[in-house]
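Below is one structure, written out as structure tokens, with a few remarks after it.
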Amino acid sequence: MPADRLIARLAESAGRVPARVPVHEVRQHTVDDLHDRTRGLLEVAGDTFGVAWQRADWTTQDDRTFVRLPEGAHAVVWHASGTMTVSSGLAPMAMPFDTIPPREELEELVRRRTEELRLTSWVGTDDVRFERLWQVKAAGAAREGRMSEPTLFRTVGAYRQHVSGLPVWGRASLAVKLADAGAFDSATMHVRQTTGEVIDEVSTVPPDTGAAAVVAQLEALLGRSDVSLDEIAQPQWMHFGYLSLSPRKAQRVLEPVYVAAVHLEGEYPQGYLLAVNAGTKVYQPLNRSGSEPPPGRRRMPAPA
Amino acid sequence: MASFGVEAIRYFPHARAAGYSAADLTYTFNRANGFDSKLRSANHTRSFYWANTNCWETDIRDTDKGGDDRHWVDNVDLFWIETHGNHTGSGNALMLYDTPQTDWVTTSDKWQLGEDWNAEWIMAYSCDTVDRNNVAGLWNIFAGLHIYCGAWGHMWDGVTTDECGEDVGDNLINGHTVSESWIDGVSDWWVDNHPITICVGDAATWNGGNINWGLSALNRDHLWGHGEVSPDLPPAQQACLLWRWTEG
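Chains as they are written, first to last, in my numbering: chain A, -6 to 297; chain B, 54 to 301.
Here's what the structure looks like:
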């Protein structure tokens, strides 16, 4: 497939893109604020699941605060993003499902428990919608080849934050992990809460321009290869919206982006998730350079 | 405390020049550095950290098969590797290197880990090193090794998986099991990462097919110093292979 077809397919999958999009200010929390939020979450979670978590050991580190709770439970809050996770301490192979229920039943279970936990209320005024169901399973085989049936251990409901009607892409905004009968395993909230203030409204670049920027990144990754991108790239999708960076990264605004998923097929296939700014004015450029290793020595072969 | 080694390859210009279709990666060292720093922050000992062309396939190849694992991968408790991967039709893992020392590719039929009772856990952020329809193709690598953490499909390189190394490291030093540290740490519950963890079990764990999951290394193993670690299981006592994975 020629690169121009790759660009066209990515652009087409982005759908209709608004001509102008608001840039939202992201709420910045002090560590004290985050501790208060974490206490609130623990209170709600404890009430809902009948767990007393009054005793807690708080350890504040550079990038996060770790809260050790009774019976292996714990909570973590990342200072840069406000991302919070709370875990019940349930052993990962404990409480498997007796049978693997149909997907619809699992989705209903996740939705119901998420509502009971009032987790979506922690997002503030922004909208959070169910996105996808995941399952954690296990199986085994004996030496002679006999296989066990898969066992379902956990189901995970992933939710997506929306702001101004646009999705905030990135890690799941809310992920709720449950064991058999809806027993609580853990929940993670990765939400860039907005202040409600729109600091600008920017024009957007059209999808084909965004797709061309994505393809340029891929071409750079192929370097001076004899293998043509035309032959090996399989576009999965390109989405328009906002982007939430990873939990250890601070972020001051939500501004428009394109994110694209592309498989490079071949002997060594690889999936790439690429993001490019989609506004004509950029407030927070995306870091696409990646890190390098620590300085090292040249390695010499061992003497024969 | 644990000893660990890291090998990570971001650039593949030499492999491409040799005819392999392998694009460069972007966030390789975000993940590897993050994993490294988290473990060292908890006073675990980094035995080696090799990058790019300093990563050699002989480091994981068994000494009996012409490799040098005894001094590298089989000489640490935990080994983290990131490179391109795949598997053979026989279910053997494949990993690509950017220098032929002495091959461009390692094949897991030449691995035999833990036979000196050192290597407990391998973590490979590489696509598709496990064939979920033929997991037994990896059985030979468990010569005392407790758990192989890999992937049964893509492992994405992107802006939302750049902190996976730190996440896995945080999980390990917070007392999660090794299996859960991997599966939770590399999952962002958005992109379709395909983590899988594999261990061997004894006859009591297989329990005639009614698997006693509580006895398995997937349930019991923690990083040294952060909880229980199951005993080494020599090949003669291995009755079953057990695996745990996520699917969307």
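Cβ coordinates follow ideal geometry from the N, Cα and C atoms, glycine included.
Counting only Cβ pairs nearer than 8 Å, list the residues of chain A close to residue i.
i             : result
residue 114/B : Going along chain A, no residue has its Cβ under 8 Å from residue 114/B, so there is no contact; the nearest lies around 14 Å.
residue 294/B : 133, 134
residue 135/B : Neighbours of residue 135/B on chain A: none; closest Cβ ~11 Å, over 8 Å.
residue 269/B : 86
So, is residue i buried or exposed, given that buried needs 16 or more other C-beta atoms within 10 angstroms?
i             : result
residue 114/B : buried
residue 228/A : buried
residue 186/B : exposed
residue 91/B  : buried
residue 96/B  : exposed
residue 119/A : buried
residue 188/A : exposed
residue 136/B : buried
residue 285/A : exposed
residue 253/A : buried
residue 143/B : exposed
residue 154/A : buried
residue 170/A : buried
residue 274/B : buried
residue 290/A : exposed
residue 70/A  : buried
Is residue i helix, strand or coil by DSSP?
i             : result
residue 199/A : coil
residue 76/A  : coil
residue 63/A  : helix
residue 73/B  : coil
residue 66/B  : helix
residue 274/A : coil
residue 126/A : strand
residue 223/B : helix
residue -6/A  : Residue confidence for residue -6/A is low, a pLDDT of 45 falling below 50, so the modelled location carries little weight; the figure read from the coordinates is stated next. The answer is coil: DSSP assigns residue -6/A none of H, G, I, E or B.
residue 227/A : strand
residue 288/B : helix
Looking only at its chain, what residues have a beta carbon closer than 7 Å to the beta carbon of residue i, apart from the 5 residues adjacent to it on each side?
i             : result
residue 238/B : 217, 220, 221, 224
residue 12/A  : 196, 197
residue 194/B : 161, 164, 165, 166, 201
Report the option in the options whose CA atom is closest to the CA atom of residue i.
i             : options                    : result
residue 209/A : 194/A, 222/A, 197/A, 198/A : 222/A
residue 214/A : 57/B, 65/B, 60/B, 232/B    : 65/B
residue 161/A : 177/A, 244/A, 131/A, 193/A : 244/A
residue 48/A  : 56/A, 64/A, 185/A          : 64/A
residue 156/A : -2/A, 18/A, 9/A            : 18/A
residue 291/B : 72/B, 198/B, 106/B         : 198/B
residue 263/A : 104/B, 157/B, 80/B         : 80/B
residue 56/A  : 240/A, 282/A, 272/A        : 240/A
What does residue i touch in chain B if you count any residue whose Cβ is under 8 Å from its own?
i             : result
residue 266/A : 209, 210, 211, 212, 213, 214, 244
residue 225/A : 74
residue 235/A : Neighbours of residue 235/A on chain B: none; closest Cβ ~13 Å, over 8 Å.
residue 238/A : 212
At a CB-CB cut-off below 9 Å, which residues of chain A make contact with residue i?
i            : result
residue 85/B : 284, 286
Just to confirm my understanding: we take residue i, look at its own chain, exclude 5 residues before and 5 after, and list those with CB closer than 6 Å. What are they?
i             : result
residue -6/A  : Residue placement at residue -6/A cannot be trusted, given a pLDDT of 45 that sits under 50; the coordinates are not used to answer.
residue 288/A : none
residue 93/A  : 145
In chain B, what lies closer than 7 Å to residue i by C-beta?
i             : result
residue 165/A : 241, 242, 243
residue 32/A  : In chain order: nothing, as chain B lies at least about 19 Å away.
Using a Cβ cut-off of 7 Å, pull out every chain A residue sitting near residue i, in sequence order please.
i            : result
residue 80/B : 283
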